[in-house]
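Taking the working numbering, the leading residue of the sequence shown gets -10, the next gets one more, and so forth.
For reference, the structure is listed below as structure tokens.
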Amino acid sequence: MPELPLILALISIAFYLSILTFLITGFLRIKNKETGFQPKVSVVVAARNEEHNLKNCLTSLLMQTYPKNLTQIVVVDDRSTDDTPNILKQFNSKHDVLTIRISEIQNGISPKKVALHEGIAHANGELIFTTDADCTPPKDWLTQTVPLFQEDVGLVIGPAPFTEESKLGNRLLCLDNFATALVAAGATGWNVGVTCSGRNLAYRKSVFEQVHGFQKINHSLSGDDDLFLQTVKKQTNWKINYSLSPNTSITSSAPKSLAEYIVQRRRHVSASKYYSKPIQTAYLFFNLANLVLFGFLILSLFLQKYLLIAMFLFGAKLSADFLSLYVVTRQFDKQHLLYFFPLWEIFFLLNQTIISPLGLIGKVRWKE
């Protein structure tokens, strides 16, 4: 079929624009209606060899504006071999921080999920908040997230951007992180659970117990966030919410090198093998559509009859990408990152076609 490239390009742009329309409209549908809900909350942190970060993390949790008598801090020391245990002892001597030590992990079980499960088992809060030991939650994190738990909401996703630095690579990762945020928030706007970050996640303890914790997703090293979210949506009738307040953003350092990024990306993507078939299919065809549109543009340079239509279709793709990123970066006052949009397009293509698939190959490991 001589017109097959054109047909594939037209199908691709239609699917591509449909997905982005779904995400943008979902993002705009989110309304953070607050309630007077003020229950006991437990913040659970899984820490493994975090001697350089733990002090800042615990200090930020102790400075939360949420009522102290309604806040419990639980830290699970996952077999740390550095100074993490001593740091926890120091904090325990001065502050009310519940510390749990894990000495062994069975083979074939996700260490982080075991740590979180143990922490949640000892939590006495009605709501469970999770963050990572290398994060410093803002002081209003709990205060502004708790009210988003309306009566029918069982889980709330929070923004988890990267910390900005001056290097180009960092800016690209920061912008790409907002693309991921659009997927998380946009799907949430339609009450569809796709992805989230465990460094800024909250859910009712009763919901955790209702789905039997991480029992059905223990086979995946990662997934204490996105796979858990999808489990909640699949097995319960609870709705989900997304915090749009910049005051609830929990930042984390972006990878410092390509090797570090690939390791992190592999760990995150490894969980996608266990996504539901509809979500896997949407991801697959969205990335294929992106690749086809790039390929069609290159083909048009050799087959001039396709040049105008290829430029039009690719222009439509770029416009949709830019609008999508503008919507989410504007919400968090990060529009300046859009200056790096042209380079991000190239990064996005390479990331989705080369780097991300590496997460589906071989085994990935939790921190050593």
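Don't be surprised by glycine CBs; every beta carbon is placed ideally from N, CA and C.
Just to confirm the assignment, what range does the beta strand (DSSP E) spanning residue i have?
i: residue 319; result: Counting along the chain, residue 319 falls outside any beta strand (DSSP E), though it belongs to the alpha helix (DSSP H) covering 296 to 320.
i: residue 62; result: 60 to 67
i: residue 31; result: 30 to 36
i: residue 183; result: That residue, residue 183, is in no beta strand (DSSP E); it is neither H nor E in DSSP.
i: residue 102; result: Not the beta strand (DSSP E): residue 102 falls in the alpha helix (DSSP H), residues 100 to 110.
i: residue 229; result: 228 to 231
i: residue 192; result: 190 to 193
What residue does the alpha helix (DSSP H) around residue i start on, and which one ends it?
i: residue 144; result: Run containing residue 144: none in the alpha helix (DSSP H); it sits in the beta strand (DSSP E), 142 to 146.
i: residue 5; result: -7 to 18
i: residue 252; result: 247 to 258
i: residue 328; result: Premise fails: residue 328 is in no alpha helix (DSSP H) and is neither H nor E.
i: residue 236; result: No alpha helix (DSSP H) contains residue 236, which DSSP labels as neither H nor E.
i: residue 76; result: 73 to 83
i: residue 269; result: 266 to 289
Quick check on this structure: which residue in the options has the alpha carbon closest to the alpha carbon of residue i?
i: residue 86; options: 174, 170 and 33; result: 33
i: residue 58; options: 325, 64, 72 and 30; result: 30
i: residue -4; options: 302, 326 and 270; result: 302
i: residue 232; options: 290, 291, 256 and 148; result: 148
i: residue 110; options: 123, 88, 128 and 143; result: 88
i: residue 211; options: 9, 99, -7 and 326; result: 99
i: residue 45; options: 1, -7, 128 and 336; result: 128
i: residue 179; options: 343, 20 and 280; result: 20
i: residue 157; options: 68, 116, 307 and 329; result: 329
i: residue -6; options: 292, 67 and 220; result: 292
i: residue 307; options: 262, 294 and 331; result: 331
i: residue 215; options: 261, 236, 248 and 249; result: 261
i: residue 116; options: 104, 55 and 15; result: 55
i: residue 345; options: 265, 272 and 135; result: 272
In chain order, what residues of the same chain lie with their CB nearer than 8 Å to the CB of residue i, ignoring the 5 residues before and after it?
i: residue 169; result: 184
i: residue 167; result: 150, 314, 317, 318, 321, 323 and 326
Taking DSSP as the reference, what is the three-state secondary structure of residue i?
i: residue 119; result: strand
i: residue 55; result: coil
i: residue 156; result: coil
i: residue 88; result: strand
i: residue 209; result: coil
i: residue 243; result: coil
i: residue 217; result: helix
i: residue 203; result: coil
i: residue 197; result: helix
i: residue 138; result: coil
i: residue 26; result: coil
Keeping to the same chain, check which residues put their C-beta closer than 6 Å to that of residue i; ignore five residues upstream and five downstream.
i: residue 234; result: 133
i: residue 253; result: 244
i: residue 42; result: 122 and 123
Could you check whether the Cβ of residue i sits closer than 7 Å to any heavy atom belonging to the ligand ATP?
i: residue 80; result: Among the ligands in the structure shown, none appear at all, so the ligand ATP cannot be discussed.
Skipping 5 residues on each side, what residues in its chain have a beta carbon closer than 7 Å to that of residue i?
i: residue 161; result: 329, 332, 333 and 336
i: residue 283; result: 338
i: residue 217; result: 203 and 206
(message) Count Cβ pairs between the region 150 to 157 and the region 238 to 251 that sit closer than 8 Å; are there 3 or more?
(response) yes
(request) Decide yes or no for the touch test of the region 38 to 51 against the region 199 to 215: beta carbon pairs closer than 8 Å, at least 3 of them. (result) With a cut-off of 8 Å, the region 199 to 215 and the region 38 to 51 do not count as touching, because too few Cβ pairs lie within range.
(request) Specify whether the region 63 to 75 and the region 3 to 13 touch according to this definition: at least 3 beta carbon pairs, one from each stretch, less than 8 Å apart. (result) no
(message) Could you check whether the region 185 to 196 touches the region 111 to 124, counting it as contact only if at least three pairs of C-beta atoms, one from each stretch, sit closer than 8 Å?
(response) yes
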